[in-house]
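Report on one structure; see the data block that follows.
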Amino acid sequence: MIKLGISAFYHDSAACVTIGGRVIAAVEEERFTEIKHDYSFPINSIKWCLREAKIEFKHINEIHWYENPEKKDDRVSTTFAKKPFRTFFLNRKYKKSKKSQNPKDILESMGYTGKIIYHDHHYSHAAFAYFTSNYDHSAILTVDGVGEWETTTISVGKGRKIEKKISIDFPNSLGMLYSTITSYLGFKPNEGEYKVMGLAPYGNAETYKDKLRSIFNNTSNKYTIDQKYFTWEYSDKIMFNKNLCILLDLPPRLPGEELTQDHKYLASALQTVYEEQFLRLLKTVKSITKSNNICLGGGCAYNGVANKLAYKYFKSVHIPFAPSDAGSAIGVCLTSQTKVSPYLGPEFKSSTIKRVLSGYKDRLYYLPLSDEKLINKIAGYLCNQHIVAWFQGRMEFGARALGNRSILASPRDPKMREKLNRVIKKREGFRPFAPSVLEKDVGKFFDVKEPVPHMNVVAKTKVKYLPAATHIDGTSRVQTVNKQQNYKYYKLIEKVGKISGVPVVLNTSFNLKDQTITLSPKQAIERYLSSEIDVLVINNFLILKQ
Ligand SMILES: [Fe+2]
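Numbering follows the working numbering, with no gaps: position 23 of the sequence shown is 39.
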């Protein structure tokens with residue numbers, strides 16, 4: 017059985033090919049188009065997945081689509097019908113896009129006449145979360161902006177079955193509230209949420225907590241959100257109205273405007289109120305499912321600070337490497353527990369890399385090295401406070417660089433965080449960096465309950481000497497690395513440990529300001545040359561500027 021999974025037309029479009037239940041290839045469209053969170057039909061991703069799987073379009077037995085267009089249409093039309101005059105132009109725009117975004121029409125125009133199976137949006141999140149876990153029984157909680165109607169679901173996974181127990185529907189959406197305050201604080205919704213989470217520990221929640229709490233009406237195991245503050249039902253531009261400004265008594269921040277203490281207080285209050293609601297949900301999940309395990313899915317599962325709360329009710333927590341809509345393209349193809357590595361994207365042969373490098377002869381030195389020599393050399397550079405762009409094998413799927421398209425540095429250098437933020441990534445100084453640590457040593461440095469291979473749980477840092485990878489509140493979004501996950505990266509961190517006594521490296525994604533994560537050797541070289549990164553490694557090539 018050959019399946020093609022697709023997610024598209026909301027954010028983070030992606031495609032995946034599975035053969036006989038095994039994930040052969042998966043990639044996000046943004047990596048090809050270089051448009052962050054690209055939501056267009058993932059034609060480049062599909063083409064690459066087919067090439068990688070060595071098949072043609074006609075060989076596909078089933079196409080699995082990550083949401084149900086009919087149910088989505090029902091939500092949109094019902095919502096517009098509530099305010100027909102206010103939504104007149106928006107409705108017209110929607111009808112136009114509905115026509116051009118019809119999955120069946122698009123796939124038929126590509127010559128596909130086979131089966132298209134539509135899955136509920138939150139089922140797709142749940143399937144990716146549960147089927148990539150190693151549990152045969154687990155609670156599943158999915159939280160995001162909105163799917164068709166659903167914004168939150170609680171399910172039970174048992175063997176190969178996922179049974180939904182409870183859902184919360186639009187317009188009651190924790191994800192949309194988070195995005196709204198993100199936009200209120202002058203950051204891009206569906207993108208800037210990390211920034212708000214990073215900003216939160218710089219303030220305290222007191223000033224705005226009760227105001228944000230008053231937006232909710234908590235019922236026994238659900239909540240509703242008072243719509244008088246929001247435009248979610250009638251606008252696709254600004255997500256809030258003047259009532260929210262009056263409630264908060266704080267003007268919305270324009271992008272680029274100075275960040276004041278009040279903005280930090282609001283970020284803190286949002287994170288606090290989000291965590292309160294998330295904790296209520298977790299309690300409900302526990303009482304319904306009685307499971308010791310939980311799988312978290314949906315875009316909100318990127319909130320590593322809230323995720324750690326799951327340990328209050330559950331012994332083991334699984335969060336897949338791409339819990340937002342991109343991962344759904346993989347989730348829809350899975351029907352049972354499957355070991356899926358995050359390294360599912362393009363890789364490049366030495367001959368290709370060499371050919372690309374030869375075009376930069378007058379600007380670069382390069383040298384192919386054995387694994388051992390390369391690792392010794394790079395570990396030495398890292399221990400001497402050099403910044404290394406580390407490009408290896410197949411690229412990661414999802415928002416996190418997990419050691420194949422990463423910028424690495426020393427977490428022990430107190431100046432490194434400022435340098436990386438200001439000089440390399442050119443981003444806000446308050447944003448933290450994450451550490452990668454050997455799984456076997458994680459307990460010495462970080463307070464985690466179990467391995468966190470996908471960097472989506474924030475943990476207390478136990479030591480004082482990792483300043484560049486420790487946030488202001490003494491926490492880190494840690495990634496544990498073992499040999500099976502990523503052998504070469506493991507060996508590199510191990511060597512750093514042997515030299516310095518601390519097997520930890522700072523790991524941030526290999527991209528510069530506003531760029532998508534590096535896909536190809538050419539991009540890697542161009543980005544290296546245009547930045548102050550000291551060393552570039554592409555597979556076994558050590559590359560230096562002349
Ligand atoms: Fe979603």
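Backbone N, C-alpha and C define an ideal beta-carbon position, used for all residues, glycine too.
Counting only runs of 3 or more residues that sit fully inside the segment 78 to 122, the beta strand (DSSP E) segments are 78 to 81, in chain order. A direct Cα-Cα distance of roughly 46 Å separates Y506 from T240. As a beta-bridge residue in DSSP terms, Q495 pairs with S452. Ranked by Cα distance from G409, the first of K393, Q501, D378 is Q501.
Proximity to ligand 1 was defined by a C-beta distance below 5 Å to any of its heavy atoms, and the residues meeting it, in sequence along the chain, are D160, D341. With contacts defined by Cβ atoms closer than 9 Å, A345 and Y139 do not form a contacting pair. The segment 369 to 379 makes contact with the segment 530 to 540: 3 or more CB pairs, one atom from each, lie closer than 8 Å. In this structure, A221 places its C-beta atom within 9 Å of the C-beta atom of T288.
Nearest to K511 by alpha-carbon distance, out of T532, R438, S199, D387, is D387. Counted as a single uninterrupted DSSP element, the beta strand (DSSP E) harbouring L558 occupies residues 557 to 561.
E164 is the residue among E179, V553, E164, N206 whose C-alpha sits nearest the C-alpha of P187. Per DSSP, R428 lies in no beta strand (DSSP E) and is assigned neither H nor E.
Taking a C-beta distance under 9 Å as the contact criterion, T95 and Y250 qualify as a contact pair. C399 sits close to I515, with the two beta carbons spaced by under 9 Å.
For K442, same chain residues with a beta-carbon under 6 Å away, outside a window of 5 residues either side, are K529 in chain order. In this structure, the CA atom of K476 is about 14 Å from the CA atom of P467. In the three-state reduction of the DSSP assignment, N437 falls in the helix class, which pools H, G and I. Of the other Cβ atoms in all chains shown, fewer than 16 fall within 10 Å of the Cβ of H153; this residue is therefore exposed. Under the three-state reduction of DSSP output, L263 falls in the helix class.
Rounded to the nearest angstrom, the gap between the Cα atoms of R543 and K377 is 16 Å. DSSP places P271 in the coil class of the three-state scheme, outside both helix and strand. The residue from Y281, H334, Y290 with its alpha-carbon nearest to that of N309 is H334. Counting the other Cβ atoms within 10 Å of the Cβ of M432 gives 16 or more, which makes it buried. A direct Cα-to-Cα measurement between H141 and P85 gives close to 16 Å. Going by beta carbons, I76 and A31 fall outside the 9 Å limit.
Excluding sequence positions up to five before and after L482, its CB lies within less than 8 Å of the CB of P427, R428, P451, F461, S492, V518, V520, all in the same chain and listed in chain order.
Beta-carbon to beta-carbon, L558 and L390 are separated by about 6 Å, close enough to satisfy the 8 Å threshold. Per the C-alpha coordinates, the member of N472, I440, I488, F364 positioned closest to P448 is I488. Put simply, of K174, H27, S547 the residue whose alpha carbon is nearest the alpha carbon of Q353 is K174. According to the DSSP assignment, A31 belongs to the beta strand (DSSP E) that extends over 30 to 35. The bridge partners DSSP lists for R38 are I35. DSSP, reduced to helix, strand and coil, places F461 within a helical segment of the structure shown. When only Cα atoms are considered, I51 and A24 end up about 14 Å apart. DSSP, read as helix, strand or coil, puts A540 in helix. Distance between A41 and N555, taken at the CA atoms: about 19 Å.
Selection C65, G347, L106 evaluated against T158 yields G347 as nearest (Cα-Cα).
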